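Numbering (the working numbering), first residue to last: 30 to 351.
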Ligand SMILES: N[C@@H](CCC(=O)N[C@@H](CS)C(=O)NCC(=O)O)C(=O)O
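Have a look at this one:
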């Protein structure tokens with residue numbers, strides 16, 4: 030675990046010294062957009078044109094943020110348009126390691142330096158790479174999934190919209206709470222270095238999970254009757270919860286298996302065609318338990334829990350009469 034400083038890789042755990050023991054996630058720095066025609070994206074910067082075979086996605090199968098991008102690649106049928114490299118599950122002193130098919134690199138930080146030799150900061154997945162200009166288009170998963178949602182529609186013919194105009198406000202509000210308290214909330218609990226910071230994260234996490242359970246008892250998806258990006262953003266945290274966060278990050282008031290609506294919902298999303306192919310519990314468990322030596326110094330990877338995401342989800346008809 031480390032970061033780039035002055036063109037050099039430095040092995041360093043997260044610094045929580047100036048934030049009262051609280052883990053603060055660094056903002057992503059590469060924020061360009063893929064667009065159908067290469068015109069500027071929402072942030073006004075020059076865009077990158079959606080083209081078959083031009084872009085490459087670097088992911089970790091362990092990482093919930095990278096997982097979002099992988100799911101959108103699958104559900105938007107982009108497999109023949111964008112190739113993928115999966116980094117090694119264990120991330121230690123050199124950061125993410127890989128067998129890079131494009132340039133023969135060994136470490137993800139080398140790709141960041143190739144894009145920008147003056148880049149400073151953490152080296153994270155996912156990375157959406159442009160082979161043509163040899164740079165990073167984006168390393169921000171929330172924006173990569175928005176690009177995948179629409180940029181290739183004319184090429185693939187897949188026009189399913191996970192961020193429909195009519196639901197923007199609702200989805201944005203859901204995303205904000207889910208990001209702060211659940212997606213990033215589990216990390217704020219797990220990476221806290223003071224009791225207070227951990228407990229704050231723990232309580233806001235379970236307040237939000239109780240709220241999600243209430244919503245999902247009444248309606249099929251987070252935004253109502255329609256599956257949206259808000260569901261996929263939540264799903265990648267939920268699927269890891271009982272196997273990793275509950276124990277490793279000490280978010281252990283209860284298992285998700287003990288929330289009836291949430292657990293049926295996770296099974297439903299897991300069973301959507303193609304999604305299970307994006308889930309690797311081997312990478313998920315190996316990564317967290319073997320990489321975070323500060324939290325789990327023995328590196329022992331738990332054998333359990335026994336889980337069956339293929340069991341009947343029972344979500345048909347939820348919310349239909351309301
Ligand atoms: N905001 C980023 C966060 C990505 C992120 O933090 N990825 C983690 C893996 S789950 C990572 O690569 N961490 C390496 C590090 O922080 O050094 C996104 O959503 O794309």
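The beta-carbon is built from N, C-alpha and C at its ideal position, and this holds for glycine as well. Please read these numbers as outputs of a predicted model, since none were measured by experiment.
Identity of the residues DSSP links to residue i by a beta bridge
i, result
"residue 85", "112 and 158"
"residue 77", "63"
"residue 34", "37"
"residue 250", "253"
Where the beta strand (DSSP E) containing residue i begins and where it ends
i, result
"residue 39", "37-40"
Neighbourhood of residue i by C-beta, 7 Å cutoff - its chain only, sequence neighbours within 5 removed
i, result
"residue 267", "285, 291 and 295"
"residue 173", "98, 155, 157 and 167"
"residue 206", "237"
"residue 119", "315, 316, 319 and 320"
"residue 130", "114"
"residue 245", "290, 291 and 294"
"residue 215", "234, 266, 274, 278 and 280"
"residue 43", "52 and 220"
"residue 146", "36"
"residue 159", "77, 83, 84 and 166"
"residue 342", "293, 296, 297 and 300"
"residue 188", "182"
"residue 230", "214, 217, 218 and 221"
"residue 348", "247, 248, 249 and 254"
"residue 269", "93 and 313"
"residue 334", "271 and 272"
"residue 67", "76, 77 and 78"
"residue 1", "The shown model of the chain, from 30 to 351, leaves out residue 1, and the question about it has no answer."
Same chain only: Cβ atoms within 6 Å of residue i, ignoring 5 sequence neighbours per side
i, result
"residue 79", "63, 65, 180 and 181"
"residue 123", "136"
"residue 17", "Because the chain is modelled from 30 through 351, residue 17 falls outside the range shown and cannot be assessed."
"residue 199", "252"
"residue 210", "233, 234 and 237"
"residue 338", "296 and 299"
"residue 303", "103"
"residue 105", "177 and 187"
"residue 112", "85"
"residue 212", "266"
"residue 170", "94, 97, 98 and 155"
"residue 264", "298"
"residue 161", "83"
Terminal residues of the alpha helix (DSSP H) in which residue i lies
i, result
"residue 263", "258-269"
"residue 212", "Counting along the chain, residue 212 falls outside any alpha helix (DSSP H), and DSSP gives it neither H nor E."
"residue 310", "310-320"
"residue 291", "289-299"
Chain-order list of residues whose beta-carbon lies under 8 Å from that of residue i (same chain, five-residue window excluded)
i, result
"residue 108", "102"
"residue 121", "30, 320 and 322"
"residue 116", "87, 88, 89, 125, 126, 127, 137 and 154"
"residue 225", "49 and 50"
"residue 282", "231 and 235"
"residue 276", "331"
"residue 74", "60, 61 and 62"
"residue 34", "149"
"residue 185", "105, 106, 107 and 110"
Restricting to runs no shorter than 3 residues, where is the beta strand (DSSP E) found entirely within the region 146-208? 156-159 and 164-167
As a quick check of your reading: which residues have a C-beta less than 7 Å from at least one non-hydrogen atom of ligand 1, in chain order? In chain order, the hits are 30, 31, 32, 54, 57, 89, 91, 92, 93, 94, 95, 120, 124, 125, 151, 152, 153, 154, 155, 168, 169, 170 and 171.
Continuous alpha helix (DSSP H) assignments of at least 4 residues falling wholly in the region 91-138: 93-104
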